[in-house]
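**Q**
Number of protein chains: 2
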Amino acid sequence: MSRIPTTDGARRTRDRVLNAALGLFNQHGSAAVTTNHVAARAGISPGNLYYWFSDKDEIVRELYAQLVAEYDELWGTGDGTPVDLTPDEVLARLAEGAALSGRYAFLARDILGLLHADPLLEAEYTAVRARRIAEFTDLARTWRARGVIRALDDATVADLVQALWLIAETWFAFGELDGNRADAEDGTRLLRVVLRPYLTPDGGITRSTCEQP
Amino acid sequence: MSRIPTTDGARRTRDRVLNAALGLFNQHGSAAVTTNHVAARAGISPGNLYYWFSDKDEIVRELYAQLVAEYDELWGTGDGTPVDLTPDEVLARLAEGAALSGRYAFLARDILGLLHADPLLEAEYTAVRARRIAEFTDLARTWRARGVIRALDDATVADLVQALWLIAETWFAFGELDGNRADAEDGTRLLRVVLRPYLTPDGGITRSTCEQP
DNA sequence: GTCTATATAATGATAGAC
DNA sequence: GTCTATCATTATATAGAC
Numbered sequence: 000m001s002r003i004p005t006t007d008g009a010r011r012t013r014d015r016v017l018n019a020a021l022g023l024f025n026q027h028g029s030a031a032v033t034t035n036h037v038a039a040r041a042g043i044s045p046g047n048l049y050y051w052f053s054d055k056d057e058i059v060r061e062l063y064a065q066l067v068a069e070y071d072e073l074w075g076t077g078d079g080t081p082v083d084l085t086p087d088e089v090l091a092r093l094a095e096g097a098a099l100s101g102r103y104a105f106l107a108r109d110i111l112g113l114l115h116a117d118p119l120l121e122a123e124y125t126a127v128r129a130r131r132i133a134e135f136t137d138l139a140r141t142w143r144a145r146g147v148i149r150a151l152d153d154a155t156v157a158d159l160v161q162a163l164w165l166i167a168e169t170w171f172a173f174g175e176l177d178g179n180r181a182d183a184e185d186g187t188r189l190l191r192v193v194l195r196p197y198l199t200p201d202g203g204i205t206r207s208t209c210e211q212p
Numbered sequence: 000m001s002r003i004p005t006t007d008g009a010r011r012t013r014d015r016v017l018n019a020a021l022g023l024f025n026q027h028g029s030a031a032v033t034t035n036h037v038a039a040r041a042g043i044s045p046g047n048l049y050y051w052f053s054d055k056d057e058i059v060r061e062l063y064a065q066l067v068a069e070y071d072e073l074w075g076t077g078d079g080t081p082v083d084l085t086p087d088e089v090l091a092r093l094a095e096g097a098a099l100s101g102r103y104a105f106l107a108r109d110i111l112g113l114l115h116a117d118p119l120l121e122a123e124y125t126a127v128r129a130r131r132i133a134e135f136t137d138l139a140r141t142w143r144a145r146g147v148i149r150a151l152d153d154a155t156v157a158d159l160v161q162a163l164w165l166i167a168e169t170w171f172a173f174g175e176l177d178g179n180r181a182d183a184e185d186g187t188r189l190l191r192v193v194l195r196p197y198l199t200p201d202g203g204i205t206r207s208t209c210e211q212p
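As you go down the protein sequences, you meet chains C and E in turn. Numbered per numbering that gives the first Met the number 0, the first sequence spans residues 0 to 212. Numbered per numbering that gives the first Met the number 0, the second sequence spans residues 0 to 212.
Rendered as structure tokens:
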């Protein structure tokens, strides 16, 4: 992907740049931060930064790759292994992932604008998104086969997955607007209200509100 | 809000700036467009632009105000009149609003980053959002009182409204990623899959999937 | 690997003539 | 109202010394 360092000291310089950029991007927004700011925060010269990265976009892409890697590690995914979890386990995992969203808050805020400006990042992002949607769709169909969720047709499953994905991807950044730091519970509550009615009375751990009285 | 023009010719210059900015922002993203680009596209000098707007942020705020005004006009809201529509009417109205999202596509993409950079815009945005959420919550409670939706407690209604709002606010920008221009029907399908199970069998126009067999 | 120095370009914004 | 002219500032990126 990028230049491979030959020594541990060098590797540390590259990581310092990434950490400095992450902190500044989160604080001021990626658009307001320049390579000079990043170099200063990293404690290196502006010129040295260009030894490690060709430009700001490459730093952003690298940070996105880090996020994807940490996310895959959390879910034990990315290696083709199908995810097999209960609905409540999925929600719990998503709640854990909220901390990740916080560490990469600038991506939650700026991702759409960044994608529009950098075709390379867009290619990475859409590929990851397609993979995740496919994984989650497979999981939803497994749930359907086991009677965990109701007998929805494939089109409805696709819409449901899409809706849940959209909420999972955006709740954090919009929650930040409410002053109080977005809480992981806020996100899971929103996902739960969407998913809950589709769970069968005995399949889901949380009781379905759809049961007739 | 801004300078008030004294002649129609002048007003037309100001509007040309706004239209030029809107076109460029939509095409390249607001971050990549400078006041010089906007002035050139508007057919005026860079200096003249500063006679009408103090900076780029003010142009963005004005465009956002335009969007809010057009949106309020579409819904007949903003003047305190409570919205009273059926679920299918709401979805139809949202589908009409998709054209608006397209005309102001840059806001759909960049809004979170812009809010982070401009406290004035953030104040406007959060005020509008709070008002819209309140209006929609009132409507949902009206539906509940009429038996259009099930007898949910207030907390669940709040979560449901929040989830629907999040999807309505974000589906367009993410749909753009799929190459095929985002279709209004895509958005309503997502909203429908969330709302449908909460509709009572006879209250909602679309049959609920939650009915027990 | 890292620095200093610098080239090149663009930016936001203002002053003053018309 | 609109223009031209211009400013100080800042950004990206490179060259070459160490």
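Positions of the beta carbon are idealized from the N, C-alpha and C atoms, including for glycine.
1. Per DSSP, what kind of secondary structure is L17 of chain C in: helix, strand or coil?
2. For I166 of chain C, list the residues DSSP reports as bridge partners.
3. If you compare alpha carbons, which of E:L93, E:G101, E:V127, E:I58 is closest to G79 of chain E?
4. Counting only C-beta atoms, is V192 of chain E closer than 8 Å to chain C at any point?
5. Check for me: the alpha helix (DSSP H) holding F52 of chain E runs from which residue to which?
6. Cutting at 7 Å between CB atoms, please list the residues of its own chain near R149 of chain E, excluding the five before and the five after it.
7. Using a C-beta cutoff of 8 Å, does R130 of chain E count as contacting chain C?
8. Could you check where the alpha helix (DSSP H) with G42 of chain C kicks off and where it finishes?
9. Go ahead and pull the three-state DSSP assignment for E210 of chain E.
10. From P118 of chain C to D137 of chain E, what does the alpha carbon distance come to, in whole angstroms?
11. Between the alpha carbons of W164 of chain E and I132 of chain E, how many angstroms are there, rounded?
12. Once DSSP output is grouped into helix, strand and coil, what is the label at L151 of chain E?
13. Of all the options C:L99, C:W74, C:A98, which has the alpha carbon lying nearest to the alpha carbon of E88 of chain C?
14. So L176 of chain C and L114 of chain E are in contact, right, with Cβ under 8 Å, and what is the actual spacing, rounded?
15. Please list, in chain order, all residues of the same chain as D185 of chain C whose beta carbon is under 8 Å from its beta carbon, the five residues on each side excluded.
16. By Cβ distance below 7 Å, which residues in the same chain neighbour G96 of chain C in space, the five residues on each side in sequence not counted?
17. For S100 of chain C, report the span of its alpha helix (DSSP H) as first-last.
18. Quick check on the burial criterion: 16 or more other C-beta atoms within 10 angstroms. Buried or exposed for L100 of chain E?
19. Cβ of L90 of chain C less than 8 Å from any chain E Cβ?
20. Considering only the beta carbon of each residue, do V37 of chain E and A64 of chain E sit closer than 8 Å?
21. Determine, using beta carbons only, whether T80 of chain C comes closer than 8 Å to chain E.
22. Does any CB atom of chain E fall closer than 8 Å to the CB of R40 of chain C?
23. Within 10 angstroms of the Cβ of Q161 of chain E, are there 16 or more other Cβ atoms? Answer buried if so, exposed if not.
24. Span of the alpha helix (DSSP H) holding D137 of chain E?
25. Taking Cβ to Cβ, would you say L90 of chain E is nearer than 8 Å to R180 of chain E?
26. Between the Cα of D109 of chain C and those of C:P45, C:N25, C:R13, spot the shortest distance and give me the residue it belongs to.
27. Mind checking the segment 170–191 of chain E against chain C and listing, in chain order, the residues whose C-beta falls within less than 7 Å of any C-beta there?
28. Determine the extent of the alpha helix (DSSP H) in which G178 of chain C is found, giving its start and end residues.
29. Does the distance from the CB of V147 of chain C to the CB of P86 of chain C come in under 8 Å?
30. Determine the chain E residues that contact A30 of chain C at a beta-carbon separation under 8 Å, and present them in chain order.
31. Would you check if the distance between the CB atom of G28 of chain E and the CB atom of G112 of chain C is smaller than 8 Å?
32. Can you name the residues that DSSP bridges to L198 of chain C?
33. If we cut at 8 Å on Cβ distances, does D54 of chain E have a partner in chain C?
34. Quick one: which residues of the segment 144–171 of chain E get their C-beta closer than 8 Å to a C-beta of chain C? List them in chain order.
35. Could you tell me which of E:W142, E:L17, E:A167 sits nearest to D56 of chain E, measuring between CA atoms?
**A** According to the structure data:
1. Sequence index remark: in the first sequence, residue 17 of chain C carries index 18 (1-based). Looking at L17 of chain C - three-state DSSP - the assignment turns out to be helix.
2. For the purposes of this step, residue 166 of chain C is identified with residue 167 of the first sequence, where counting begins at 1. Paired residues: none, contrary to the question.
3. Position 80 of the second sequence holds residue 79 of chain E. For G79 of chain E, the nearest C-alpha among the options comes from E:V127.
4. Translated into positions along the second sequence, residue 192 of chain E becomes position 193. Yes, its Cβ sits closer than 8 Å to a Cβ of chain C.
5. Taking the first residue of the second sequence as 1, we reach residue 52 of chain E at position 53. Run containing F52 of chain E: none; DSSP gives neither H nor E here.
6. For the purposes of this step, residue 149 of chain E is taken as the residue at position 150 of the second sequence. Within the same chain, R149 of chain E has close Cβ partners Y197, T199.
7. Your numbering for residue 130 of chain E matches position 131 in the second sequence. It does not; no Cβ of chain C falls within 8 Å.
8. In the first sequence, counting from the first residue as 1, residue 42 of chain C sits at position 43. Per DSSP, G42 of chain C belongs to no alpha helix (DSSP H) and is neither H nor E.
9. The residue given as residue 210 of chain E occupies position 211 in the second sequence. Reliability fails at E210 of chain E, whose pLDDT of 45 lies under 50, so the model's placement of it is uncertain and the value that follows must be treated cautiously. DSSP places E210 of chain E in the coil class of the three-state scheme, outside both helix and strand.
10. Mapped onto the first sequence, residue 118 of chain C falls at position 119. Mapped onto the second sequence, residue 137 of chain E falls at position 138. P118 of chain C and D137 of chain E: Cα-Cα distance of roughly 43 Å.
11. Counting from one through the second sequence, the residue named residue 164 of chain E turns up at place 165. Counting from one through the second sequence, the residue named residue 132 of chain E turns up at place 133. Cα to Cα, W164 of chain E sits roughly 7 Å from I132 of chain E.
12. Taking the second sequence and counting its residues from 1, one reaches residue 151 of chain E at position 152. It is coil, neither helix nor strand.
13. Stepping through the first sequence from its first residue, residue 88 of chain C is reached at position 89. With distances taken between Cα atoms, E88 of chain C lies closest to C:W74.
14. Counting from one through the first sequence, the residue named residue 176 of chain C turns up at place 177. Counting from one through the second sequence, the residue named residue 114 of chain E turns up at place 115. Their Cβ separation, rounded to whole angstroms, is 7 Å, which keeps L176 of chain C and L114 of chain E in contact under 8 Å.
15. Position 186 of the first sequence, counted from the start, is the residue given in the question as residue 185 of chain C. These residues qualify, in order along the chain: W170, G174.
16. Reading the first sequence from its first residue, position 97 is the one you call residue 96 of chain C. Counting only Cβ-Cβ distances below 7 Å, and skipping sequence neighbours, we find Y70, L73.
17. Here residue 100 of chain C refers to the residue found at position 101 of the first sequence. From DSSP, the alpha helix (DSSP H) with S100 of chain C extends over 86–102.
18. Numbered from its first residue, the second sequence carries residue 100 of chain E at position 101. The sequence given here places Ser at residue 100 of chain E; Leu does not occur at that position. Under a 10 Å Cβ-count criterion, S100 of chain E is classified as buried, with 16 or more other Cβ atoms of the shown protein chains found around its own Cβ.
19. Locating residue 90 of chain C in the first sequence gives position 91, counting from the first residue. Cβ-Cβ to chain E under 8 Å: no for L90 of chain C.
20. As a working note, residue 37 of chain E is residue 38 in the second sequence. As a working note, residue 64 of chain E is residue 65 in the second sequence. Contact flag unset, no.
21. Reading the first sequence from its first residue, position 81 is the one you call residue 80 of chain C. Judged by the 8 Å Cβ criterion, T80 of chain C is not in contact with chain E.
22. Within the first sequence, residue 40 of chain C is the residue found at index 41, counting from 1. For R40 of chain C, the answer is no, since every Cβ of chain E falls outside 8 Å of its Cβ.
23. For the purposes of this step, residue 161 of chain E is taken as the residue at position 162 of the second sequence. Buried, because 16 or more other Cβ atoms sit within 10 Å of the Cβ of Q161 of chain E.
24. On the second sequence, residue 137 of chain E is found 138 positions in, with the first residue counted as 1. Counting along the chain, the alpha helix (DSSP H) containing D137 of chain E begins and ends at 118–145.
25. In the second sequence, residue 90 of chain E corresponds to position 91, counting from 1. In the second sequence, residue 180 of chain E corresponds to position 181, counting from 1. With respect to R180 of chain E, L90 of chain E sits apart: the two C-beta atoms are not nearer than 8 Å.
26. Taking the first sequence and counting its residues from 1, one reaches residue 109 of chain C at position 110. Checked all of C:P45, C:N25, C:R13; the closest Cα to D109 of chain C is C:N25.
27. W170, A172, F173, L176, R188, L189
28. One-based indexing of the first sequence puts residue 178 of chain C at position 179. Taken as a continuous stretch (DSSP letters only), G178 of chain C belongs to no alpha helix (DSSP H), as it is neither H nor E.
29. The sequence position of residue 147 of chain C within the first sequence is 148, counting from 1. The sequence position of residue 86 of chain C within the first sequence is 87, counting from 1. Yes, they are a contact pair.
30. As a working mapping, residue 30 of chain C is identified with position 31 in the first sequence. Ordered by position in chain E, the residues that pass the 8 Å Cβ test against A30 of chain C are A30, G112, A116.
31. One-based indexing of the second sequence puts residue 28 of chain E at position 29. One-based indexing of the first sequence puts residue 112 of chain C at position 113. Contact flag set, yes.
32. For the purposes of this step, residue 198 of chain C is taken as the residue at position 199 of the first sequence. Under the DSSP definition of a beta bridge, L198 of chain C partners with C:I148.
33. For the purposes of this step, residue 54 of chain E is taken as residue 55 along the second sequence, with counting starting at 1. So, not an interface residue.
34. R149, L151, T155, D158, L159, Q161, A162, L165, I166, E168, T169, W170
35. Numbered from its first residue, the second sequence carries residue 56 of chain E at position 57. The candidate whose alpha carbon is nearest that of D56 of chain E is E:L17.
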